[in-house]
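When the letters of the sequence shown are read in order and numbered with the UniProt record's numbering, they come out as residues 1 to 329. Beta carbons are placed, not taken as given, at the ideal position from N, Cα and C, and that holds for glycine. Everything on this sheet refers to the single structure shown next.
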Amino acid sequence: MINKPFISVSIKTLNEAECIEKTIDSIRQQLTDYPHKIIVADSLSTDNTQQLASDKGVTVVSLTQPADRCCGVGHQLGYLYSEGEFILLMDGDMELEKGFIDSAVAFLTAHPEYAGVAGTVEMDDAANYEFKSRKQRLHKIYPVGDSDHLGGGGLYRRSAIEQIGYLTNRNLHAYEEAELGMRLLNAGYKLHRLDIPYFSHTSHSMPTFKMLKYRWRSGYHQAPGELLRNAWGKPWLSNALKMVKNEVIFLLYLLVLIIAILTFDPDVIGLALLPLIAFTALKTIKNRSLKNGIQSVINLSVLSVGLLKGLTHPVRDPMNPPDSKVVHE
């Protein structure tokens, strides 16, 4: 009998009581033939996520400082408690699809030059604009084949992560998988997305503008700026700029628009508004909805302003572990 590799699973959570049990069950069903460790890396949930996960008999670890909460700290926390040859990244609102683990392990075993592998994604019916837009762009967000990063997580080779120093950057409120991909490619590794199902995802049910407000308060919208600041002076800065080019361009446009408005010249203001009107019209045509077109422009505006905020956000050494504790072993 061939020895199966040991797999650690990092499930990052923040108030995932609704889905965490299904997430854990879906993972367990696919790991019955593998030695494994399932780790719920919790960012101080205020619901009973930690208790539900503990009752499932998995390892539960938690941040101790609310100020450390962000997307990038979750899987880094899980990684700190992981072991074995591979580490699987999941969120607490995902369900692992059948057959992915076997195919992913086979691929990484046969291709040592690859650091990570993922698969295709299924989403439920989205309730707000952000997730409706994401569902429409699944093939662009999760492209099959060799990729520069694996959005949504994947199965990674722990030896590759050890080589680059840390898994995900604790400074980032988003783009943590993109930054991970940049560092892995810079180290000479490759990444791949198989044409097989990886996970199904439960969308946030929050209304559009409530979601926008929540994202701003949580720091999510400052992530483009954080990505650039953390890439400053690194070989992958150009890749980071390419990743957030839309936000950078729109921010520059907004600055030009503000300067035009401050002239109090109707002709100058009208001229400066033309690109915004044209962009809104294009988004309306693409979305076949004026409401969605306007929401798209608002989302990009908030992300662009957030970029400026993120550029000023203090940077902590991503190699320094966040304060944490073991809730259940």
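Secondary structure of residue i, DSSP reduced to three states
i	result
K242	helix
L155	strand
L311	helix
Y198	strand
K4	coil
G270	helix
F264	coil
E95	strand
T284	helix
V144	coil
T168	coil
M319	coil
T32	coil
Y129	In this prediction, Y129 scores a pLDDT of 49, lower than 50, which makes its location untrustworthy; the coordinate-derived value is nonetheless stated afterwards. Y129 falls in the helix class under three-state DSSP.
L88	strand
I20	helix
residue 345	Only positions 1 to 329 of the chain appear in the structure, and residue 345 is not among them; the question remains open.
L150	coil
P275	helix
S289	coil
A106	helix
A174	coil
Residue environment, residue i, which counts as buried when at least 16 other CB atoms sit within 10 Å
i	result
P112	exposed
S238	exposed
R288	exposed
G116	buried
D93	buried
M243	buried
F86	buried
M319	exposed
N186	exposed
P207	exposed
Q65	exposed
F209	exposed
W236	buried
L262	exposed
L89	buried
Y214	exposed
M1	For M1, the predicted model reports a pLDDT of 42, less than 50, meaning its position is unreliable; a value from the coordinates is still stated below. Classification for M1: exposed.
F264	exposed
E226	buried
G145	exposed
N48	exposed
L322	One point to set straight first is that residue 322 is Pro, not Leu, in the sequence displayed. Result: buried.
A104	buried
A174	buried
D33	exposed
K12	buried
N3	exposed
L251	buried
A278	exposed
E122	exposed
I258	exposed
Beta-bridge pairing of residue i - partner residues as DSSP gives them
i	result
Y114	K190
K37	S8
K325	S62
M123	H201
residue 362	The requested residue 362 does not occur in the structure, where the chain is confined to residues 1 to 329.
Residue i beta carbon near the ligand GDP (any heavy atom closer than 6 Å)
i	result
M211	With respect to the ligand GDP, the structure shown offers nothing to examine, as it has no ligands at all.
7 Å Cβ cutoff, residue i in contact with chain B
i	result
H313	Annotation note: the requested chain B is absent from the structure, which comprises a single protein chain.
Within the stretch 42 to 75, note down every full alpha helix (DSSP H) run reaching 4 residues or more, in order along the chain. 49 to 55
Kindly confirm or deny that the stretch 301 to 317 and the stretch 212 to 223 touch, where touching means at least three C-beta pairs closer than 8 Å. yes
Would you check if there are 3 or more beta carbon pairs closer than 8 Å linking the stretch 139 to 156 to the stretch 207 to 220? no
Given 8 Å as the limit, is there contact between the stretch 183 to 192 and the stretch 277 to 286, that is, 3 or more CB pairs closer than that? no
In chain order, which beta strand (DSSP E) runs of at least 3 residues are fully inside the stretch 210 to 255? none
When the Cβ atoms of the stretch 173 to 184 are set against those of the stretch 240 to 258, are three or more pairs found closer than 8 Å? yes
Are there three or more Cβ pairs, one per stretch, closer than 8 Å when the stretch 150 to 162 is compared with the stretch 52 to 62? no
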